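Below is one structure, written out as C-alpha cells; comments come after it.
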Amino acid sequence: MNENAYDARAIDERWQARWERDATYRTPNPGEPGFDAKKPKYYVLDMFPYPSGSGLHVGHAVGYVGTDVVARKKRMEGFQVLHPMGWDAFGLPAEQYAIQTGKHPRESNAVNTANFRRQLKKIGLSFDWSREVDTSDPRFFRWTQWLFKRLFERGLAYQADVPVWWCEELKTVLANEEVINGRSERGNHPCVRRPLKQWMLRITAYAERLLDDLEGLDWPESIKSQQREWIGKSEGAEIHFALEGRGSERLSVFTTRPDTLFGATFMVVAPEHPLLKSLPAGAQREAVEAYVRAASAKSDLERTDLAKDKSGVFTGLYALNPLADPSDPRARIPVWVADYVLWGYGTGAIMSVPGHDDRDHEFARKFDLPIVEVVQPPAGVSGVAQGTCFAGEGVAVNSAPIDGLSSAQAKQRILSLLGERKVGAGRTTYRLRDWLFSRQRYWGEPFPLIHLPDGKIVAVDDSELPVVLPDLADFKPAADGSAPLARAKDWIKTTHKASGSPALRDTDTMPGWAGSCWYWLRFMDPHNDREPFSKATEKYWGPVDLYVGGAAHAVMHLLYGRFWHKVFFDLGLVSTKEPFQRLFNQGMITAFAFQDPSGRLVASDEIVARGDGWVRRGSDEPVAQIVTKMAKSLKNVVNPDDIIAEYGADSFRLYELFMGPLADSKPWNTRDIPGCRRFVERVWRLYVDEKTEGALRPTLAIDQQVESRSGDNLEIERQLNRALARVDDSFRQLNFNTAIAAMMEFLNVAQPRSASFDRGQASRFVAMLAPFAPHMAEELWQRLGNSDSVHKSAWPRVDASFLENDEVEYAVQVLGKLRGRAKLAKAAAENEVIQAATLAVESWLAGKTVVKTIVVPGKLVNFVVR
RNA sequence: GGGGGAGUGGCGAAAUCGGCAGACGCAUCGGACUUAAAAUCCGAAGGCCCAACGGCCGUGGGGGUUCGAGUCCCCCCUUCCCCACCA
4 MNENAYDARA IDERWQARWE RDATYRTPNP GEPGFDAKKP KYYVLDMFPY PSGSGLHVGH
64 AVGYVGTDVV ARKKRMEGFQ VLHPMGWDAF GLPAEQYAIQ TGKHPRESNA VNTANFRRQL
124 KKIGLSFDWS REVDTSDPRF FRWTQWLFKR LFERGLAYQA DVPVWWCEEL KTVLANEEVI
184 NGRSERGNHP CVRRPLKQWM LRITAYAERL LDDLEGLDWP ESIKSQQREW IGKSEGAEIH
244 FALEGRGSER LSVFTTRPDT LFGATFMVVA PEHPLLKSLP AGAQREAVEA YVRAASAKSD
304 LERTDLAKDK SGVFTGLYAL NPLADPSDPR ARIPVWVADY VLWGYGTGAI MSVPGHDDRD
364 HEFARKFDLP IVEVVQPPAG VSGVAQGTCF AGEGVAVNSA PIDGLSSAQA KQRILSLLGE
424 RKVGAGRTTY RLRDWLFSRQ RYWGEPFPLI HLPDGKIVAV DDSELPVVLP DLADFKPAAD
484 GSAPLARAKD WIKTTHKASG SPALRDTDTM PGWAGSCWYW LRFMDPHNDR EPFSKATEKY
544 WGPVDLYVGG AAHAVMHLLY GRFWHKVFFD LGLVSTKEPF QRLFNQGMIT AFAFQDPSGR
604 LVASDEIVAR GDGWVRRGSD EPVAQIVTKM AKSLKNVVNP DDIIAEYGAD SFRLYELFMG
664 PLADSKPWNT RDIPGCRRFV ERVWRLYVDE KTEGALRPTL AIDQQVESRS GDNLEIERQL
724 NRALARVDDS FRQLNFNTAI AAMMEFLNVA QPRSASFDRG QASRFVAMLA PFAPHMAEEL
784 WQRLGNSDSV HKSAWPRVDA SFLENDEVEY AVQVLGKLRG RAKLAKAAAE NEVIQAATLA
844 VESWLAGKTV VKTIVVPGKL VNFVVR
C-alpha cells in the first residue's frame, strides 16, 4: 500500500499509541514535575457517565468531543488544562443485572467501564487517564463516606420516619425525584407510599443560598429557572387560628396572601393532618376517616389526575379568624379535609379564599360554600362581582382593618396586626424538601455509621474507612423492604472503636447520586490517600471553568452537587462557593425513524429508499421520516465504533460537531458523514502527494519566508486569517459547526492555489485543525518536520490586517430591493460611493426622484425614490 | 395550567449591531478524466413565470415599527423539553 495514501485507521492507531506512550495529555498538579506555576489553569469537565452495559452511542459522544476541542485549544493557548474522565458506577441497573445473572456488580462494572474506556480512547479524546476515578472503588468511596461523616457531624444528616415511595417491583425506596406520576423513573413500575426509617440530608438548610448563589453563575437561564422553580421560595405568613371548643389547640396555615384573611370562608387540611386523628366520635368523624382512607390508597397519579374534580369532607370543626370581631358570624370558619392540600408543603393546612384563589374557588363552587370579595380588581378586570375568581392584586374591601389599602400595604398591615396579637408572623416557605438519602439496596456506598446497644447512632472512626461492601451471593432486597446488607450477619457485627462496646452497622446504602456530589473535586487529586483532595490542589484547580452535560441533570445532580459543595465551603474544604462556573447543556442527538401510514413506528433496518421517499422493505407501503430519540426499540441507535471503523476518528469527530451548534438537538444522519471524510482527505492531499514518495508536497517542504505577500499566496493568507477568526469565535457559543465550515471554505480557496500555499501557512492551518481532527493534524505536523506534538504547539493568532480586502462590493438597493452592485475601494468617500451606486442602478432610478439615500459604509446603499 | 427552547431549500444548517437570506456540507443534476465504473476535479441548483434578458414571491401564519425585518414589537399556530393542586 502507498505510504502516502490517507489511511485513517493507521493514523488513528499510530498517534493514539504515541500519545499514550508520551503521556501527552497528562496534567501535573502543583508541586509535581512539569507543573508550571506561570500558566493559568482551565478545568473543563464532562458529566461522567454511568457505564451501562450497552456502551456509548453517538449522542453521548457529542459532548465529549465538544469539551475535547475546548481542552485541546486551551492547552495550545498556554493553559494548564484539567480534563479528566471517570465512572459514576454505583446504581440500580448494575444491581438489577446482577440479580438477573447472579454475577457480582463489580464484575459487570469492570467489563462495562473497560468498554467505555476503549470507546472513548478510540475517539481520540485528550483525557488525562491517570486521573480516572470510579465511584464504586473503595479508594474513591472511602472519601464519599468521609465527606458524609462531615455532613453527619454537622447535623445535616438525620434519620426520620417518613412516608417514602416504595417500589414493590424494585423492592426499594425511591426519592421523590425518581418517581414520576406514581411510577418508578427507572423501569416504570408502580410505586406506593409507605412509612420507613430513612436517612435524610438537610438540604433545606441551604435553600436560600442555593437560590441566591445562582445569580453569579454563567449557566443557561432555563437551568437556573428550573432550579429556582424546584427550590420554590414563597414569602407570606403563617397564621394561627383558634379552634372552637378545643382550648389552646391552634390550626396553623401558610398563605402568600395574608391580605385576603377576611375572605377565608373555610379552612382545608391535608388528609395526613394530625388534627384529623382527634376528632370527636360521630358521623363527621366516620366520614373523615373514610375520606382519609380513600386518599391514602390513591397514588399521587390519581391525586393529581383527578385534580380537576375536587373532593373533600367537612370535619365538624370550626376555626376562628384571629383578627375578626368574634361577634361577626364570618369569623367562624368551617374546617374541611381535602386532598388538594398537600401535607408536605407549608403547614399542610390552608385558609381557603374562594374569591381570590382558583383552587379554592373551584372547591367552594363544588360544595356550595360562600364566596366573599375582599380584593377589588382594577377597573375593567372581572372579579367576584362578575362571578369569577380574581387572583391578582387590587384594593382591600370587606376587611375592616385594611379596607382601602393596596394588596401590598394590606399584607404589611395584617402582618403587624398578627404580630401584635401573637397569632401569626411573616414566613418564607420552600417547595424544596429534605433529601431522602438512603436506599435499601446492595450496590451503593454503605453508610459509615454504627448502632450502639443504647440505641445511639455514631459514625465509625475515620481510620476505619472505607466501610466496604460485604460479599453477597444474593443481592435482592428482602420482601419486607429490609436491606440486603442485613443478611451479611458477620459484616454487621462490629465494635465501637472509642468505647470498645459491640455495635451493629447501618445496613442502608447511599443513593446513586452520592459519588457525583463531589467527583469533580477528586479529579483534582485522585490518588491522595490521606484526604479526599488536598487544599492546595483545590485552590489551584477550583472551580470547574466549563461543565458540559445534558439538560436531564438540570435539577437533581446539579442541585445536590451544589449543596455538598456549599457544605464543604462552610467546612473550609473548598475555596469557592459554587462548583461550576460555566454550565453548558449539549443538545440531544436524535435520529430519524420511520412511521407507516397508521402512525406505527417501523424499525430503520426495515426501510429502503425509493424515489424521494421511503418504503418498507419488500412492499410498496410508503413510510414517513420523523425525528425521535435514539432507542433500541426503534433500531436507530448508532455506535461510534462502527462509524470510526468505517470513516476514522477524525471524520467522526468532525461530523459530530458539523451537524450543528453543540447546544442544539439535531438528528444524526450517517449519510452526511462522507462530507466530513471528504474534507479530511482533501486536507490530506493539500499536504501530501499521494502519487509520489515524499512525506510532503515539494512546495511545502521548502521553508520560504514570505516578506510581502501577493497574488494567490495573499489570497490564501487572507482566507486563513478569516477562517482562524471564525474558529476563535466559535468557542464563545460552542457552535463548532461554523468553525468547520470556515476551515472548509479555507480549503476551497487554498486547494486550487496549492502551488502558492507556503510552509508557514501550512503549519498554522494544521494547528488550527488540531483540536478538531487531532490524529491527522498530528501526522501532518510530524511530516512538516516537527518532533514535538502539534497539541503542544502554540495556537495561531489572527493577523487582523489580512481580514479585510482593499476593495469592497456594495449592494445597491432601490426601495430596499437589491438592484445592483458596485465595486469600490474600501476607503472610498461617501459621494464616490453614491456616484458609483447611482450608476449601477441607473435604469431603476430613471424617471424617479431620489428622496433619501442611505449608505452603510463598506456594505450597502439604499435609494428611497418616489 | 405554568416555565424554557425551537420553527429558514429535498435534508443538516449559516446569517455580530436591523443592512445582499440560504454560507458550509449532504442528496440531486450536468461536464471533465476513464475502455467502463468508482474515486477525483469543474460547474448548476429556494419556489413560480419566461425561449431568453429578466421579473415576481419567499425565513410557521397575521398585523406593526423602519429607507430596510429571519433578526425588533403585538396577536395566533405548530412542536420539543421541564414542572405541574406548592396555598
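The opening residue of the first sequence carries number 4 in this note's numbering; numbering runs sequentially from there.
Ideal placement from N, C-alpha and C gives every residue a C-beta, glycine not left out.
Quantities reported herein were computed from a predicted structural model and do not represent experimental measurements.
Contact under 8 Å by Cβ, residue i with residue j
i      : j      : result
VAL387 : ILE405 : no
PHE793 : ALA770 : It should be pointed out that residue 793 corresponds to Val in this sequence rather than to Phe. Yes, they are a contact pair.
ALA627 : PHE597 : yes
ASP71  : LEU128 : yes
ARG3   : THR207 : Within the shown structure, residues of the chain are numbered from 4 to 869, placing residue 3 beyond reach of any answer.
Residue range of the beta strand (DSSP E) that includes residue i
i      : result
ASN588 : 586–588
LEU254 : 253–258
SER355 : 352–355
LYS496 : 496–498
THR70  : Looking at the DSSP string, THR70 is not in any beta strand (DSSP E); the run it does join, the alpha helix (DSSP H), is 61–79.
Simplified DSSP assignment, three categories, for residue i
i      : result
THR852 : coil
LEU85  : strand
TYR28  : coil
ASN865 : strand
TYR100 : helix
MET4   : Caution applies to MET4, whose pLDDT of 46 falls short of 50 and renders its modelled position unreliable; the model cannot decide the point.
GLY266 : helix
SER766 : helix
PRO774 : coil
SER237 : strand
GLN736 : helix
ALA281 : The question names Ala, but residue 281 in the sequence shown is Ser. In the structure shown, SER281 sits in a helix (DSSP, three-state: H, G or I).
ARG424 : coil
THR116 : helix
PRO449 : strand
ALA399 : strand
CYS679 : helix
ASP791 : coil
ASP137 : strand
GLN379 : strand
ARG335 : strand
Exposure label - residue i; buried when at least 16 CB within 10 Å
i      : result
ASP511 : buried
ALA160 : buried
LEU574 : exposed
MET4   : Only weak support exists for where MET4 lies, its pLDDT of 46 falling under 50; the value from the coordinates is given anyway. So MET4 ends up on the exposed side.
ARG822 : buried
ASN324 : buried
GLU720 : buried
LEU818 : exposed
TRP569 : Before going on, a small fix: residue 569 reads as Lys here, not Trp. Answer is buried; the Cβ neighbour count reaches 16.
Residues sharing a beta bridge with residue i, DSSP
i      : result
TRP438 : LEU204
LEU199 : VAL165
LEU827 : VAL811
VAL47  : LEU549
LEU246 : ALA322
VAL272 : VAL340, ALA352
HIS454 : ILE460, LEU507
PRO193 : ARG186
ALA627 : GLN598
SER111 : Per DSSP, none; premise fails for SER111.
LEU604 : GLN598
Residue range of the alpha helix (DSSP H) that includes residue i
i      : result
LEU657 : 652–661
HIS364 : 361–370
ALA745 : 739–753
PRO670 : Careful: PRO670 lies outside any alpha helix (DSSP H), inside the beta strand (DSSP E) at 669–671.
LEU213 : 210–215
THR841 : 833–843
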